[in-house]
Amino acid sequence: MDGNGRWAKQRDRPRTAGHREGVKSVRAVVEESVRRGVGTLTLFAFSSENWQRPRSEVNILMELFMSALRGEVRRLHENDVRLRIIGERRAFPEKLQRRITEAEELTAGNRTLNLQVAANYGGRWDITQAARQLVADVQSGLLDPRAIDEQSIARRLSFPDLPEPDLFIRTGGEQRLSNFVLWQSAYAELYFTKLLWPDFDAAAFAQALDDFARRQRRFGRISEQVEATSVVSLYGRG
Ligand code: IPE
Ligand code: MG
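Taking the working numbering, the leading residue of the sequence shown gets 3, the next gets one more, and so forth.
1) Skipping 5 residues on each side, what residues in its chain have a beta carbon closer than 6 Å to that of residue 182?
2) Round the Cβ separation of residue 27 and residue 185 to the nearest angstrom and send it over; I've been treating them as touching at under 8 Å.
3) By Cβ distance, which residues of its chain are closer than 7 Å to residue 12, with the 5 residues on each side in sequence left out?
4) With a threshold of 6 Å on Cβ separation, who are the neighbours of residue 140 within its own chain once the five nearest residues in sequence on each side are excluded?
5) Taking the continuous alpha helix (DSSP H) assigned at residue 122, which residues delimit it?
6) Of the residues 18, 25 and 91, which one's Cα is nearest the Cα of residue 57?
7) Consider the C-beta atom of residue 6 and the heavy atoms of ligand 1; say whether any pair is separated by less than 7 Å.
8) Could you tell me the distance, in whole angstroms, from the CA atom of residue 129 to the CA atom of residue 155?
9) Could you tell me if the beta carbon of residue 47 falls within a distance shorter than 7 Å of some heavy atom in ligand 3?
10) So, are the CB atoms of residue 40 and residue 87 less than 8 Å apart?
11) Within 10 Å of its beta-carbon, does residue 144 have 16 or more other beta-carbons around it, so buried, or fewer, so exposed?
12) Taking the alpha-carbon of residue 209 as reference, which of 100, 49 and 193 has the nearest alpha-carbon?
13) Would you kindly work out how many angstroms separate the C-alpha atoms of residue 207 and residue 213, rounded to a whole number?
14) Does residue 198 come out as helix, strand or coil in the three-state DSSP assignment?
15) Going by alpha carbons, who is nearest to residue 69 out of 7, 102 and 80?
16) Below 6 Å CB to CB, which residues in the same chain sit around residue 71 once its five sequence neighbours on both sides are set aside?
17) By how many angstroms is the C-alpha of residue 217 removed from the C-alpha of residue 227?
18) Report whether the distance from the Cβ of residue 174 to the nearest heavy atom of ligand 2 is below 7 Å.
19) Could you name the residues of the same chain whose beta carbon sits closer than 8 Å to that of residue 115, not counting the 5 residues immediately before and after it, in chain order?
20) Any idea if residue 202 is buried or exposed, counting beta-carbon neighbours within 10 angstroms, 16 or more meaning buried?
21) Is there a Cβ of chain D sitting closer than 8 Å to that of residue 208, yes or no?
22) Which residue or residues does DSSP assign as beta-bridge partners of residue 86?
23) Secondary structure at residue 239, three-state DSSP: helix, strand or coil?
24) Would you kindly work out how many angstroms separate the C-alpha atoms of residue 136 and residue 151, rounded to a whole number?
So, in structure tokens, the structure goes:
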């Protein structure tokens with residue numbers, strides 16, 4: 003979700019006004035996901051690197067996070083959305099951590115949409131914490147180092163129960179991953195739009211989904227093989 007600051011700047015408003023406006027886009031994209039049958043949506047809200055921003059902006063983002071949790075969780079719950087936060091949450095204010103846990107517990111049984119909000123998340127952080135678990139399991143004799151394969155790593159990343167991302171959308175015109183889900187995005191289709199996040203509405207999201215639906219995913223194989231087997235459908239998956 004990129005471009006909040008620029009959106010505000012274009013209007014001669016403080017950057018934080020852009021963050022506030024961005025919450026509306028979050029709502030629109032979540033609702034459109036439920037409507038279109040997207041099973042899993044992960045939003046990159048705050049990266050491990052965002053702590054380097056001016057203290058005042060970080061504080062406002064934390065407050066916004068708190069108020070969004072307060073204001074949105076009930077509606078998410080009513081829409082059968084399961085909310086989870088991925089990332090190193092111990093760095094957040096105690097009160098925010100408590101609110102996160104409460105929201106996760108409240109929505110734990112919901113199934114229509116898995117909504118992940120990545121906060122203080124970094125793709126390298128995720129792989130590093132998986133490596134740490136792996137070594138601990140080897141040291142305690144649970145795991146034979148010769149048996150380590152890709153699955154051993156994948157299972158220790160954040161939320162191994164979720165499918166890998168099919169579609170990676172970045173708003174704001176930049177064409178880079180910026181340390182988002184790195185391992186899991188190995189085969190993600192990338193979609194970049196110049197729209198700034200506050201301008202990214204349900205229609206813009208629907209356009210990204212339609213663009214994705216037209217792509218052919220080969221996973222290393224050739225077209226003829228893919229055409230001969232099943233077509234992966236965004237809407238058909240459980
Ligand atoms: C939102 O956009 C991303 C967050 C960290 C909340 P930015 O704040 O990066 O906006 P730009 O890139 O400065 O326009
Ligand atoms: Mg930015």
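We put the CB at the ideal spot given by N, CA and C, even for glycine.
On the basis of the coordinates in this document:
1) 46 and 125
2) Contact flag wrong, Cβ pair sits at about 27 Å.
3) Closer than 7 Å at Cβ, skipping near neighbours: no residue.
4) So the qualifying residues of the chain are 147.
5) From DSSP, residue 122 is part of no alpha helix (DSSP H) but of the beta strand (DSSP E) over 115-123.
6) 18
7) Yes, ligand 1 has a heavy atom inside 7 Å of this Cβ.
8) 8 Å
9) Among the ligands in the structure shown, ligand 3 does not appear; only ligand 1 and ligand 2 can be found there.
10) At least 8 Å separates the beta-carbon of residue 40 from that of residue 87.
11) exposed
12) 193
13) 10 Å
14) coil
15) 102
16) 101 and 105
17) 15 Å
18) yes
19) 32, 35, 36, 40, 41, 42, 43, 81, 82, 83 and 84
20) The residue is buried, with at least 16 neighbouring Cβ atoms inside 10 Å.
21) No chain D is part of this structure, which consists of one protein chain only.
22) 118
23) The predicted model places residue 239 with a pLDDT of 44, which falls under 50 and marks its position as unreliable, so this point remains unresolved.
24) 11 Å
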